[in-house]
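According to this note's numbering, the residues represented by the sequence shown are 156 to 615, in order.
By construction, the Cβ of each residue, glycine as well, lies at the ideal position given by its N, Cα and C atoms.
Here's the structure, in structure tokens; my notes come after.
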Amino acid sequence: MAHDCRDKEDLAQVAFKHPLRIENQRLAEENTRLKRILLSHSLSWSPASQAFLAGKGSCTQRKTRSSISNPQKSGGLYLPAEIVLRVLKFAVQSQHPILDPLSPSNPAHLTEAEKDRGNQVAINFLATCKAIHVEGTKLFWNSNTFVFTTPQALTTFGALSAGFREDIRHITIRVIARYYDDQKARKLKLPAAYHTELKRDMKLKVAQRPKEAALVRGGLRSYAWTQVVDFLQALRGPFDINFRHKDKPRPNLLPNLTSMRIDLVNFTDRYLPPSGAELHDVASHEFGCTLNELQITGMPDGDIGSRANAELSGMLKDEGLFMDGIAAYWAPSAGQLQPLRGYYWAPRVVRAAMEDFSDDEDDLLGFDGEMTAWYNQGHSHKGFAPPAPPEEGCPETCMPLDEYIWKRVPISRDEESRDWVLFDRRTGREHFDEDEDLCPCCGTWHESVYGAGDLDLSLD
């Protein structure tokens, strides 16, 4: 079993690149100021600018929104502001998530399709005029979804203005477990049980490290649960010089975040140790009772996965929706990240019991009954944090709402469309009739989630 920790060489590389990014930003700002000075004197700084100035003359005259809206002033074509905004939204809105905004992405953390996708938005449209730049920047951050593949990318996101970060409600973080070893003879493999598409054990990538002094911890090491901690710690509030409220805590990186998806890659209980106290502190205390919904894929099986699920579910508010699914990716020893198909979620509602119940009701609990009982007991709605907002438009039912609760659950792991599912407040699990068949994988009934025929449960 590996020892989960941060790697010194990776940390040194991150620290080395960070000053270069700051220096490049300073040089870019200085370059922009010099170009403005040259432009104000009708001087070119490149062949392209020289051709532009020769064809257009001096471009120091600014065009405002009012002058554009008046065709007689502008002397050109006129488009209503509503049409301009619709075209602008179409130009800056991507049909795919934006990967590592404001940071360069690691090619090893991307799939082949993501690597070949190229530029997804017409970002040059924002350079049309100041009004388009202001409106387009707001639309870009409000109308797109974002995926972060490294904790450093999420930390760098704090450089964005707080006004844009406040409107982000959902993010996805992709945590790719890394393994290190100082013995070349040891070979690590991802078991075939990781996903049904893996027909055999697959070779894992292991970074070789030299042996150090006897007191330095060596051997097999991993950067998995600690990496999850680093991602969550990156959500802490960045320093803002304009924040002057001494009697209020600094807002988090994404103060209005309500849902999150965590894709765990190459997390296997074959090598990983259980999650430590550091994950409990950041998930259950620093960000405890802050989310309405949490989705996790690729969680290891057994006690290790059950313990991590229990710790991460502490981020949810009372009556929050927790969804666990099979792995969405696996990272080979060489090449691009490989996507994996998924079918359904295993949903449950955390701390939904209106009143406490005793441990004697174990027959009402799921396979992780002790964990469910621990989180349900003593966490009624009388707590300090408000519960998750109730779903609107839920179906009518004769079931008492003090014993059951409705939630909208995605019909499959990678679909946005949702269907209504009824949950038992006492167990947090999906409600089913005793006469119906149970899923052999998790002991619950999934017909209301993915429908009959979507998953073949026949046994050989």
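Straight-line Cα distance separating residue j from residue i
i	j	result
T445	P542	10 Å
V242	E290	12 Å
D617	P550	This structure cannot settle anything about residue 617, because the visible part of the chain is limited to 156 through 615.
N616	H350	This structure does not reach residue 616, given that the chain is present from 156 up to 615, and the question cannot be answered.
L315	P555	46 Å
F442	I192	47 Å
N447	A332	26 Å
S201	M156	59 Å
T148	V437	Any property of residue 148 remains undetermined from this structure, which presents the chain solely from 156 to 615.
T304	T327	9 Å
G392	C553	45 Å
E184	E178	10 Å
N261	N274	16 Å
S468	L343	30 Å
D159	S195	57 Å
L189	Q180	14 Å
R405	P544	24 Å
S488	V276	32 Å
V564	E466	22 Å
K366	A340	14 Å
A508	L387	28 Å
M526	S461	At M526, the pLDDT of 44 sits below 50, so the modelled position is not reliable; the number obtained from the coordinates is stated separately. The straight-line gap from Cα to Cα measures roughly 8 Å.
P428	I459	7 Å
S199	L182	19 Å
M470	K562	18 Å
F250	E269	The identity of residue 250 in the sequence shown is Gln, whereas the question assumes Phe. Going by the C-alpha atoms only, they are around 12 Å apart.
Cβ-Cβ separation, residue j to residue i (assumed contact under 8 Å), whole Å
i	j	result
D322	N299	D322 to N299, Cβ: 11 Å. No contact.
F312	L254	Contact doesn't hold; Cβ gap of about 12 Å is too wide.
G457	D424	5 Å
T452	H325	Incorrect: roughly 15 Å between the Cβ atoms, too far for contact.
E486	N421	Looking at the sequence itself, residue 486 is Ala, so the reference to Glu does not match. Right, their Cβ atoms sit about 5 Å apart.
E474	R506	7 Å
Buried or exposed by the 16-neighbour rule on C-beta atoms within 10 Å, applied to residue i
i	result
F245	exposed
Q450	buried
L359	buried
K163	exposed
G480	buried
L166	exposed
E352	exposed
A369	exposed
H264	buried
R584	buried
G606	In this prediction, G606 has a pLDDT of 41, which is less than 50 and means its spatial position is unreliable; nothing more can be read from the coordinates.
Y426	buried
Distance CB(residue i)-CB(residue j) smaller than 9 Å
i	j	result
R478	P502	The question names Arg, but residue 478 in the sequence shown is Met. Yes; because the gap between Cβ atoms is below 9 Å, this pair is in contact.
L309	A389	yes
Y498	S567	yes
F301	P252	yes
R376	R364	yes
Q307	V169	yes
I560	F578	yes
W380	A463	yes
A362	D385	no
P410	R329	no
L281	V247	yes
Q491	T187	no
R161	Y378	yes
D395	A317	yes
Cross-strand partners of residue i (DSSP beta bridge)
i	result
P346	Beta-bridge pairing links P346 to no other residue.
Q493	W485
R416	T327 and Q450
S377	D159 and Y334
V504	L476
F422	Its beta-bridge partners do not exist; DSSP assigns none.
Y559	D579
E585	F578
L254	V302
Heavy atom of the ligand FAD within 8 Å of residue i beta-carbon
i	result
R506	No copy of the ligand FAD appears in this structure; indeed no ligand is present at all.
Within-9 Å CB hit, residue i to chain C
i	result
L198	Chain labels in this structure do not include chain C; a single protein chain is all it has.
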